[in-house]
Structure formats: structure tokens, C-alpha cells
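Notes to accompany the following structure.
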Amino acid sequence: KRRIAVMTSGGDAPGMNGAVRAVVRMSIAQGCEAYAVYEGYEGLVQGGDMIREMKWDDVRGFLSEGGTMIGTARCMSFKERWGRLKAAKNMVVKGIDALIVCGGDGSLTGADLFRSEWPSLMDELVEKKELTAEQVEPFKHLNIVGMVGSIDNDMAMTDATIGCYSSLDRICESVDWIDATAESHQRAFVVEVMGRHCGWLALMAGISCGADFVVIPENPPSGNWEEEMCKVIKKHRDLGKRKTIVIVAEGAIDTNLKKIPCTVIKDLLTNKLHLDTRITTLGHTQRGGSPCAYDRMLATLQGAEAVKAVLEATPSTPSPVISIVENKIVRKPLLEAVKQTQEVAKAIEAKDFARAMSLRDAEFTE
Ligand code: F6P
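Take the sequence shown: its position 358, counting from 1, is numbered 371 in full-length UniProt numbering, and each next residue is one higher.
Below, the structure written as C-alpha cells:
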């Protein structure tokens with residue numbers, strides 16, 4: 014029987030458990046055996062009990078759980094060739110030749126590198142007498158399929174990453190709670206949200222919560238933005254608004270690429286508008302908690318598609334990443350998606366913010 018392994022890697026995201034459940038159950042339904050790699054690449058390098066067979070019942074209840082129940086870790090040894098050599102040996106020993114990885118762009122790039130090195134890793138294992146030629150013979154090729162699990166929604170070629178809508182829901186709920194206390198005291202709140210170098214969470218939260226002002230890295234405030242922001246907020250107050258909400262992406266920068274800390278915005282609101290202002294950093298509450306319906310659905314459909322992609326792969330098929338584009342689950346070339354994602358960072362570095370914005374998804378740039 015074909016053996017397919019699933020792993021979660023990088024920062025956890027709500028919906029990752031649903032992805033694991035779907036891969037396990039779809040693999041079994043397709044007549045394969047399913048394995049889970051515990052603690053991300055760390056488990057692959059360590060092998061043994063860190064790579065466990067999963068039966069149908071082992072993933073019962075996974076769909077509604079937050080985080081990742083098979084663990085994740087930032088693994089340094091997999092970045093080194095010796096680590097990947099150990100990982101390759103562990104996979105052959107377990108009889109696994111397909112790996113489905115749910116993680117961010119770094120984790121997925123690592124997986125594709127592993128695949129491209131695979132034949133040379135097999136040769137080295139035989140040369141070093143770690144494995145025999147007969148043992149490696151059935152494992153000529155490694156199949157890799159990616160699924161993007163990240164609250165940041167920072168991956169190109171997909172409309173949504175697993176976890177981003179749960180996180181957005183959590184942010185909205187939190188801002189609603191802040192609203193009540195802000196209105197009571199007529200206060201201003203500067204709310205910092207996650208997203209690393211991506212402003213999707215901040216921008217969508219701004220729209221969903223009716224924030225007064227939003228600061229994101231792809232379109233940094235320019236010119237005399239301080240005055241501009243104060244003008245907008247004053248206008249809203251003059252119209253009778255009793256509260257002010259400014260949402261700041263954690264990666265917020267100015268046009269000189271200098272970080273804009275929440276304290277700078279707080280000081281502006283306090284000193285120029287005389288608003289009683291507080292800062293709230295939502296932190297990891299945005300990442301934990303149970304996944305919303307959308308993420309459960311996305312993870313399940315993508316997990317099933319990932320198994321299909323493994324079964325249909327040929328040695329020459331480029332590793333795919335499972336995406337959602339205009340509500341359809343589709344396969345995209347993994348490396349191309351990673352490359353396009355990195356283009357955004359490059360555009361920001363080059364201060365070409367118009368390009369950074371246009372490289373983001375359509376709904377983001379409208
Ligand atoms: O990529 C997900 C994310 O939550 C980012 O939004 C954030 O910048 C980062 O991970 C935080 O990482 P850590 O949990 O390691 O502090």
C-alpha cells in the first residue's frame with residue numbers, strides 16, 4: 014500500500030487540524046496508509062515514533078480544534094543537508110514516498126528543495142551504507158504537495174490561506190469588544206494586528222470593523238500623513254462618533270521603510286487631537302482558538318485535493334500547492350507561488366509600493 018505522510022510546519026494556524034484530518038481520511042479512502050509527522054521538520058529528522066501511522070479514528074474531533082494537534086516547530090537541522098539526509102532515511106525506513114506539508118512559504122520551499130535533492134540523498138545513503146541499493150530502489154522519487162496554512166494570507170496565487178479568516182473573525186470580535194469600552198469613555202484605540210509583512214489582516218479588519226484609519230506595509234502612509242490622519246479622525250468626531258479605532262499592521266512602515274510603532278500614532282492622537290488613547294496589541298489571541306467554518310471547509314477540500322495530487326503526480330510534475338481561486342480548489346506550481354510572494358517583499362524593499370499593492374490579490378488592491 015502507498016504511504017502518504019502529512020505534516021504541519023511554521024506558525025500554527027486555525028484549520029491545520031482539519032487539513033490533517035482530511036489528508037488522513039482521504040488517503041485511507043483511496044486505499045493508502047496515512048502517516049503524521051509530529052513537530053514539523055523536527056519530527057522528520059528525528060524519525061522513530063515522531064512519524065506515526067494514523068487510522069481513521071485517530072483524527073476524530075480534529076476539525077473544530079485550534080492550533081495543530083500534531084505539533085509544529087522551527088527546525089534548524091532540516092536547513093542543513095545532514096538533517097535532510099536523516100529525514101530522507103527516516104522516510105524510506107517507514108516506506109513513505111509522499112509528503113503533504115501544511116505551512117507557510119518558508120516551509121513549502123524547504124519541502125521542494127528536499128524533493129529536488131531526493132535522488133542525490135538516496136545515492137548518499139547507499140554510499141554511506143546507511144541503506145542498501147535494494148532498500149532505496151522503490152523510492153526513486155519523492156512527491157511533495159503544499160497547502161498554505163498561515164493567518165497572514167500572504168501567499169500569492171491563492172485567495173485565502175488556511176487560518177486567515179478565523180484570525181480575521183477573532184480580530185473583528187476583539188475590536189467589537191474594544192468598541193464598547195471606547196465608546197463609553199469616548200476614547201481612541203490603536204489596535205496592532207499580526208500579519209508579518211502582509212497588511213491583509215489589518216486592511217480587512219479595518220473594512221470589517223469600520224475603523225477610522227488603517228496602516229499597512231504595502232501602501233505606507235506618505236507625505237504629511239500625520240496631519241491627514243488627524244483630519245480624518247477629527248471629521249469623524251465632528252460627525253458625532255464617540256470612539257476612534259486605528260488599525261496598525263505589525264509590519265507597518267513609512268515610505269522610508271522605517272517601522273511605524275503604535276506609540277507614534279498614540280502620541281499623535283493624544284497631543285494633536287487631545288484624545289484619551291490606549292494601545293491594544295491583540296497578539297496570539299489572533300492565532301489560537303477554534304477555526305471558523307470557512308477555514309474548516311477550506312482545509313477539508315484542500316486536504317482531499319492534496320491526496321489526489323499525490324496520486325496523480327508524475328516524476329516530472331512540478332510540486333503543486335493547493336490553492337483557492339475564485340472559489341475553486343486548484344493546483345498551482347509551488348515554486349512559482351513562492352516566487353511571486355517574494356516579489357512583494359522585493360517591491361517594498363525597492364520602495365515600489367504601487368507594484369507591491371498590485372501584486373497582492375485583487376480584492377486587496379481595489
Ligand atoms: O506568520 C504567522 C504569525 O502569527 C505572524 O503574523 C507573526 O508575525 C508571527 O507569526 C509571530 O510568530 P511567533 O509566534 O513565532 O512569535
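Note that CB positions come from ideal geometry on N, CA and C, so glycine has one too.
It should be emphasised that the depicted structure is a prediction, and the values quoted were computed from it without experimental measurement.
1) From T298, E205, M29 and Y307, pick the residue whose C-alpha is nearest to that of V277; which is it?
2) If you count every other CB in all the chains shown that lies within 10 Å of the CB of Q199, and 16 or more means buried, which is it?
3) Determine whether the beta carbon atoms of L372 and V357 lie at a separation below 8 Å.
4) Rounding to the nearest angstrom, what Cα-Cα distance links F91 and G119 in this structure?
5) For N232, does the count of other Cβ atoms within 10 angstroms reach 16, so buried, or fall short, so exposed?
6) So L112 is in the beta strand (DSSP E); what residue range does that whole segment cover?
7) Considering just the uninterrupted stretch of the alpha helix (DSSP H) at K99, what are its terminal residues?
8) Whole angstroms are fine: how far does the CA of T268 sit from the CA of N103?
9) Does the Cβ of D118 lie closer than 7 Å to at least one heavy atom of the ligand F6P?
10) Among the candidates L252, D251 and K272, whose CA atom is the shortest distance from the CA of V261?
11) The beta strand (DSSP E) with G31 in it runs from where to where?
12) Please state whether DSSP places G162 in a helix, a strand or coil.
13) Among the residues of its own chain, which have a CB less than 8 Å from the CB of R344, if the five just before and after it don't count?
14) Is it a yes or a no for the stretch 56-71 touching the stretch 133-150, going by three-plus beta-carbon pairs under 8 Å?
15) Would you check whether the ligand F6P has a heavy atom nearer than 7 Å to the C-beta of S163?
16) Out of I41, I220, L295 and L57, state which residue places its alpha-carbon closest to the alpha-carbon of residue 415.
17) Any heavy atom of the ligand F6P within a distance shorter than 7 Å of the CB on G24?
18) Using only the heavy atoms of the ligand F6P, determine whether one of them is closer than 7 Å to the beta carbon of M104.
19) List the DSSP bridge partners of V259.
20) Pop quiz: A32 and G162 are said to be a contact at Cβ under 8 Å. What is the actual Cβ separation, rounded to whole angstroms?
21) Please name the residue, chosen from M170, R16, A360 and D25, that lies closest to E349 on a Cα-to-Cα basis.
22) Less than 8 Å between the beta carbons of G24 and V58, yes or no?
23) If you count every other CB in all the chains shown that lies within 10 Å of the CB of Q355, and 16 or more means buried, which is it?
24) Inspect the CB distances between the stretch 145-157 and the stretch 179-190 and report whether three or more fall short of 8 Å.
25) Just checking, does the stretch 286-296 make contact with the stretch 323-332 on the three C-beta pairs under 8 Å criterion?
26) Alpha carbon to alpha carbon, what distance is there between G219 and G236?
27) Name the residue from S179, R94 and N166 whose alpha carbon lies nearest to the alpha carbon of G80.
Let me spell this out:
1) E205
2) That one is exposed.
3) The answer is yes: Cβ separation under 8 Å.
4) 12 Å
5) buried
6) A111 to G116
7) R94 to K107
8) 48 Å
9) No, the Cβ of D118 stays beyond 7 Å of every heavy atom of the ligand F6P.
10) Looking at the Cα atoms, K272 is the closest of the given residues.
11) From DSSP, G31 is part of no beta strand (DSSP E) but of the alpha helix (DSSP H) over M29 to A42.
12) Looking at G162 - three-state DSSP - the assignment turns out to be strand.
13) E318, A322, P333, V334, I335 and S336
14) No: fewer than three Cβ pairs fall under 8 Å.
15) At least one heavy atom of the ligand F6P is nearer than 7 Å to the Cβ of S163, so yes.
16) Because the chain is modelled from 14 through 379, residue 415 falls outside the range shown and cannot be assessed.
17) It does: the Cβ of G24 is within 7 Å (strictly closer) of some heavy atom of the ligand F6P.
18) In this structure, M104 has its CB at a distance of at least 7 Å from all heavy atoms of the ligand F6P.
19) V203 and F226
20) 7 Å
21) M170
22) no
23) exposed
24) no
25) no
26) 21 Å
27) S179
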